[in-house]
Every structure is written in structure tokens, then in C-alpha cells.
Amino acid sequence: MEIRRLGPDDAPDYRALRMRALWEFPEAFTSSWQEDEMQPMQAWEVRLGGEHAMFWGAFDGGALCGMVGLERQTRSKNRHKATVVGMYVSQEYFGTGMGRALMEALLGVAREEGVELLVLTVTEGNSVATNFYGQFGFRSFGIEPRAIKVDGSYFSKNHMYLELEAS
Ligand SMILES: CC(C)(COP(=O)(O)OP(=O)(O)OC[C@H]1O[C@@H](n2cnc3c(N)ncnc32)[C@H](O)[C@@H]1OP(=O)(O)O)[C@@H](O)C(=O)NCCC(=O)NCCS
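Okay, so the sequence shown: first residue is 19 according to the numbering used here, each after it adds one.
Here it is, written out as C-alpha cells:
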């Protein structure tokens with residue numbers, strides 16, 4: 019397994035894996051398959067080459083099998099914070115340590131870059147992801163009711179944070 023930063027050249031593979039993630043786990047992500055499907059490839063190239071966001075991919079035999087992103091805040095009062103987004107591992111690799119490897123890569127760079135606080139959201143009921151983040155020290159600071167609506171059903175979001183300096 020290889021973990022590396024993704025760039026604009028990875029846009030076709032990233033897009034394909036993201037579409038799979040949104041299709042398989044519609045309740046786990048705030049983005050919808052239908053909206054992302056309409057985005058042109060250039061939008062993904064821009065996203066992967068963006069100044070304030072970083073993405074990592076996990077590769078097996080050259081194939082992208084897992085991914086995670088980190089979005090930095092930019093204003094003077096909140097740029098100590100960053101948001102973990104789009105964590106996904108292909109189901110064939112569940113439980114193999116791929117998610118852990120991706121998160122460790124993200125945490126290493128976040129610390130190097132002086133990020134002090136990470137935040138993320140997990141859909142309530144996604145116990146695997148909640149437990150996964152808990153292993154890295156993420157703690158819940160509140161539940162947002164009816165945070166997303168998927169096919170007419172509401173799902174709450176668990177907001178979690180990790181203080182990097184304290185961990
Ligand atoms: C959450 C997810 C990324 C975990 O990836 P993974 O590669 O299977 O996780 P790892 O094998 O690296 O496991 C790391 C830790 O997570 C926890 N974990 C992983 N799978 C688990 C499960 N089925 N049940 C409970 N805990 C689990 C364990 O603590 C594990 O540590 P351990 O192996 O030392 O016990 C993956 O399940 C996934 O992509 N799920 C679908 C999409 C999703 O829900 N994304 C999160 C959106 S917020």
C-alpha cells in the first residue's frame with residue numbers, strides 16, 4: 019500500500035472513487051452523487067490543486083483505493099483550524115489499516131503545518147467511522163439535528179474535534 023498526496027493529475031481516479039463512495043454510502047457524506055456527477059473534470063483538478071485543501075490517496079498496485087482530505091480555514095481568527103473531509107476506503111480494504119494510514123499521513127502534515135485543531139462531522143449511527151475517529155483522539159462536541167436530508171430522510175451529524183497540540 020502506498021500513501022501519497024494527490025494532485026490535479028489524479029482527478030480522474032479521485033472522481034471515480036468519490037462517485038463510488040457517494041453511491042455506496044449516501045448517508046455518510048454531505049455531498050450528493052447527483053450533484054458531484056454534474057461537476058466537470060476541471061472542477062476536480064482545481065480541487066486537488068487548491069491552495070487551501072490537501073488530499074491523500076491510498077494506492078494498491080497503482081489503483082486508488084482510499085482517500086481523505088483536509089480543508090484549511092483562511093481567516094486570521096480561524097486559520098488554526100482545519101476540517102477533515104471525504105474519508106473513504108473501498109470496501110474490499112475495510113479493516114486492513116488503510117484508513118489508519120491515510121489519517122496518519124493527514125495528521126503528520128497537519129502538525130507540520132501548524133494546524134492546532136481538527137474538526138469533522140460523522141453521521142449519527144455511523145458507529146464504524148465514529149469509532150475510527152475516536153481511535154485518533156477525536157471527541158464529540160455536539161450533535162446537529164437533521165443536518166442532512168437524504169431521499170426524504172433526515173440524519174443528524176456528530177461534530178468531533180481533535181486538539182493536535184494536546185494529543
Ligand atoms: C471509516 C473507514 C474509513 C475506516 O477505514 P478502514 O481502512 O476500514 O479502517 P482501519 O482498518 O484503518 O482501522 C482503523 C481503526 O478504525 C476502527 N475500525 C475500523 N473498522 C471498524 C469496525 N468495523 N468496527 C469498529 N471499529 C472499526 C478500529 O479502531 C481500527 O483500529 P484497529 O484495527 O487497531 O482495531 C471505512 O470504514 C470507510 O470508508 N467507511 C465508509 C465511508 C465512511 O463512513 N466514511 C466516513 C465519513 S465521516
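Even glycine gets a Cβ: it sits at the ideal position worked out from N, Cα and C. Source: prediction; values computed, not measured.
Stretch-stretch touch, CB-based, cutoff 8 Å, three pairs: the stretch 26 to 38 with the stretch 57 to 74: Yes, the stretch 26 to 38 is in contact with the stretch 57 to 74.
Run of the beta strand (DSSP E) containing V102, from where it starts to where it stops: That run of the beta strand (DSSP E) goes 99 to 107.
Could you pull out every residue in the same chain whose Cβ sits closer than 6 Å to the Cβ of M72, ignoring the five residues on either side in sequence? Counting only Cβ-Cβ distances below 6 Å, and skipping sequence neighbours, we find L88.
So V133 and H98 are in contact, right, with Cβ under 8 Å, and what is the actual spacing, rounded? H98 and V133 do touch by the CB rule: their CB atoms are close to 7 Å apart, below 8 Å.
Based on Cα-Cα distance, which residue from N176, L182, E183 lies nearest to E45? Considering only alpha carbons, the answer is N176.
If distances are taken between C-alpha atoms only, which option among Q52, Q91, R22 comes closest to D169? Taking only the C-alpha atoms, the option nearest D169 is Q52.
So which of F77, R36, R90 has the shortest CA-CA distance to R129? Closest by alpha carbon: R90.
Could you tell me which residues DSSP pairs with R23 in its beta bridges? In the DSSP output, where bridge partners are listed per residue, R23 has W74.
Looking at the unbroken beta strand (DSSP E) that takes in L136, where does it start and where does it end? Following the DSSP letters along the chain, one finds L136 inside the beta strand (DSSP E) bounded by residues 135 to 141.
Could you give the distance in angstroms between the alpha-carbon of R38 and the alpha-carbon of A76? CA-CA distance, R38 to A76, rounds to 15 Å.
Could you tell me which residues DSSP puts in a beta bridge with A81? In DSSP, A81 forms a bridge with D78.
Three-state secondary structure (DSSP) of R93: Residue state, collapsed to three classes: coil.
Is V103 a contact residue of ligand 1, with contact defined as CB to any heavy atom under 6 Å? Within the chosen limit of 6 Å, ligand 1 does not reach the beta carbon of V103 with any heavy atom.
Do you know how far the Cα of R36 is from the Cα of G152? Taking the straight line from one Cα to the other gives about 24 Å.
Give a yes or no on whether the C-beta atoms belonging to M121 and F156 are separated by under 7 Å. It is not a contact, given that the beta carbons lie outside the stated cut-off.
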